[in-house]
Structures are given as C-alpha cells and as structure tokens.
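Position one of the sequence shown corresponds to residue 51 (the working numbering), numbered consecutively onward.
All remarks here apply to the structure that follows.
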Amino acid sequence: MAEAVRLPRGQARFASAVLAAFALVALAAGLAAWQKYQLLAGPLTPGPYVDNPLVEVDTYFRNLMGWRTGLLLVALLQFSIWLAGMRDVADVLWRQGQRRRRMWLVFGWVIPLAQLFIPKMFINDLWAASRPEPQRRRGHPLLTAWWLSVLVAANAYSDASADLKKAVNASQARHALRQLMISDGLYICAAALSIVVWQLIRRLERAVAMT
Numbered sequence: 051m052a053e054a055v056r057l058p059r060g061q062a063r064f065a066s067a068v069l070a071a072f073a074l075v076a077l078a079a080g081l082a083a084w085q086k087y088q089l090l091a092g093p094l095t096p097g098p099y100v101d102n103p104l105v106e107v108d109t110y111f112r113n114l115m116g117w118r119t120g121l122l123l124v125a126l127l128q129f130s131i132w133l134a135g136m137r138d139v140a141d142v143l144w145r146q147g148q149r150r151r152r153m154w155l156v157f158g159w160v161i162p163l164a165q166l167f168i169p170k171m172f173i174n175d176l177w178a179a180s181r182p183e184p185q186r187r188r189g190h191p192l193l194t195a196w197w198l199s200v201l202v203a204a205n206a207y208s209d210a211s212a213d214l215k216k217a218v219n220a221s222q223a224r225h226a227l228r229q230l231m232i233s234d235g236l237y238i239c240a241a242a243l244s245i246v247v248w249q250l251i252r253r254l255e256r257a258v259a260m261t
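Next up, the structure:
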C-alpha cells in the first residue's frame, strides 16, 4: 500500500515557499510602515514631489501592502490545495476519521463562523490519521498554537488599512500605522508556526511506511 499512496511533497514545498515569501513581504511592509511612522512624527519636508521622502516611502509601503495581500490569497489557495492532497493520503489511512467533505476546504476559509474551526478540523483529522490506530487522537499543542496565531493575525486590527486611508491628519495616520505594524508581526508569527505543514508530511510518511 505504501507505493500506492503519493504524498504531496511538491505542494508542501510550494506552500512553504509562498508562506516564506509572504512573511518576508510582511516584514518589509512593516519596516516601510515604521519609516513612514517616523517621518510623520516630524515636520513635513518641503520640496518637489519627486524628492519628498514621505512620498517615496509611501509608494514603497503601498506597493508592499499590495504584494502582501496578493501573497496572502495565494498562500490560502495553495494551503487548501495542499490540504486536499493530504486528504487523499488520510482517506487511505483512516477514511472514516475525516469528518468534513472536500468542499469545506474552500468554503471553510470564507464562510463566517465556519472560518473559526473548519480548517482546524481538517488539520486535526489529518494529524490523527498519521498515528497508529490505538493512539489516534485529534489535536496537539502545536496545532492549537498555530491555529490561534492564524485567527489572531486574521482578525486583529483588520480595519487598520481602511483607517489609514481615512486618516485626515498625521496623528490618525500614525495610529493606523502602529496597528499595521502589529498586524504584520502577527502575520509573520502565524507564517512561522505553519511548520505544521512539514510536521504533517513527516508523520504521514511514517504512517504510510508502516502500512
């Protein structure tokens, strides 16, 4: 049976690469936000538009935020594709233990309330499928820490970008930038904790080898 089960290692590598790129762009966006935050603390620099340091930093910041949003969407899509591949493996190892239909791999990320627990349920089921039958247990502290980091990053300061666009003075803009910098840090932590991708691959590899 081990030869018949094909683990999605390529998808895992691509998902990890996208998450790494997202984390780097989030870090760069946070640094640009910090520079803009510092410039707004002092008097605005007079001079031509093209030589204005605030305009230059703001251009970099907006471009990076656009890339951050795009990479986040790609990461979610690729993560769902990877989960679908892992589900194929789990169906062979413990089909009756998979509690949700495949359509929830997509809808679970976008439907309100379902976002809070459906993706974690898939991960828990995969984790349990990787264990020998007498030791199957859903959940693990690493999975819980990862999922809480994802939820916090996705929901904390979610209005910061809109608040920055609506800011009418430097004080309001700085307040929104502080929130965005914290948000970037939370996203970086969530991406780092997504090491569960490789943990699941290793565990399922061992489980497949034993079948």
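Think of the CB as a built atom: it goes at the ideal place given N, C-alpha and C, for glycine as much as any other residue.
Remember, it's a predicted structure, so these values are computed and weren't measured experimentally.
Span separating the alpha-carbon of residue i from that of residue j
i      : j      : result
Pro93  : Gly60  : 51 Å
Ala259 : Pro182 : 12 Å
Ile251 : Leu57  : 7 Å
Ile173 : Leu89  : 44 Å
Asn219 : Gln165 : 35 Å
Arg145 : Gln185 : 16 Å
Ala210 : Leu114 : 15 Å
Ala67  : Ala195 : 21 Å
Ala91  : Asp108 : 14 Å
Arg137 : Gly116 : 32 Å
Ala62  : Pro103 : 41 Å
Arg188 : Met231 : 34 Å
Trp84  : Leu214 : 14 Å
Lys216 : Ser208 : 14 Å
Leu127 : Val105 : 33 Å
Ser244 : His190 : 14 Å
Glu255 : Thr261 : 10 Å
Burial state of residue i (16 or more Cβ within 10 Å)
i      : result
Gln229 : buried
Phe157 : exposed
Lys86  : buried
Pro169 : buried
Phe111 : buried
Ala242 : exposed
Ser180 : buried
Leu163 : exposed
Ser221 : exposed
Val75  : buried
Val247 : buried
Phe129 : buried
Ala240 : buried
Leu192 : exposed
Leu198 : exposed
Whole-angstrom C-beta distance between residue j and residue i, which should lie under 8 Å
i      : j      : result
Met171 : Arg149 : 6 Å
Ala140 : Asp175 : 6 Å
Ala65  : Trp132 : 5 Å
Leu155 : Ala125 : With a Cβ gap of about 14 Å, Leu155 and Ala125 do not count as contacting.
Ala223 : Leu143 : Actually they do not touch by this definition, with Cβ atoms about 52 Å apart.
Requested in this report: Could you tell me whether the region 70-81 touches the region 212-228, where touching means 3 or more Cβ pairs closer than 8 Å?
Outcome: The answer is no - the region 212-228 does not touch the region 70-81, with fewer than three Cβ pairs under 8 Å.
Query - Runs of beta strand (DSSP E) wholly within the region 97-180 (minimum 3 residues, chain order) - result: Runs found: none.
Query raised in the report: On the three-pair Cβ rule with 8 Å, is the region 116-136 touching the region 62-76?
Result: Counting Cβ pairs under 8 Å, three or more are found: they touch.
Query raised in the report: Below 8 Å, can you find three or more Cβ-Cβ pairs linking the region 230-248 to the region 196-211?
Result: Contact between the region 230-248 and the region 196-211 is present, because at least three Cβ pairs lie under 8 Å.
Query - Minimum length 4: unbroken alpha helix (DSSP H) runs contained in the region 188-229 - result: With a minimum length of 4 residues, the continuous alpha helix (DSSP H) runs that stay inside the region 188-229 are 191-205 and 210-216.
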